[in-house]
Amino acid sequence: MIKTIRVSFDTIPGHEDEYYIDENKLVINFFRLMVDFMDETKVNISGKPLKEYIEEKILEMLK
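For the sequence shown, the working numbering gives the first residue as 39, with consecutive numbering after it.
This is the structure:
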């Protein structure tokens, strides 16, 4: 079975949450992203590289 998962970045008005999951959509709060000032190509969220963070959340959704 193939499951389609959508990832989007939003400002999530009125929310301080890092993310929320709505059925097959992972919505990440844009304002929680942190750019590494020593290396502008690196973006973190919650102390983790963005790619790793997204992978964790997708695995959580697939359970």
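Think of the CB as a built atom: it goes at the ideal place given N, C-alpha and C, for glycine as much as any other residue.
What three-state label does DSSP hand residue 43 in the structure shown?
Here residue 43 refers to the residue found at position 5 of the sequence shown. Coil at residue 43, not helix or strand.
Out of 70, 99, 87, state which residue places its alpha-carbon closest to the alpha-carbon of residue 77.
For the purposes of this step, residue 77 is taken as residue 39 along the sequence shown, with counting starting at 1. With distances taken between Cα atoms, residue 77 lies closest to 87.
DSSP three-state call for residue 71: helix, strand or coil?
Mapped onto the sequence shown, residue 71 falls at position 33. Coil at residue 71, not helix or strand.
I believe residue 64 touches residue 43 by the beta-carbon criterion, under 8 Å. Please report the beta-carbon distance rounded to the nearest angstrom.
In the sequence shown, residue 64 corresponds to position 26, counting from 1. In the sequence shown, residue 43 corresponds to position 5, counting from 1. Indeed they touch by this definition, with Cβ atoms about 7 Å apart.
By alpha-carbon positions, which one of 89, 61, 67 ends up nearest to residue 41?
Locating residue 41 in the sequence shown gives position 3, counting from the first residue. For residue 41, the nearest C-alpha among the options comes from 61.
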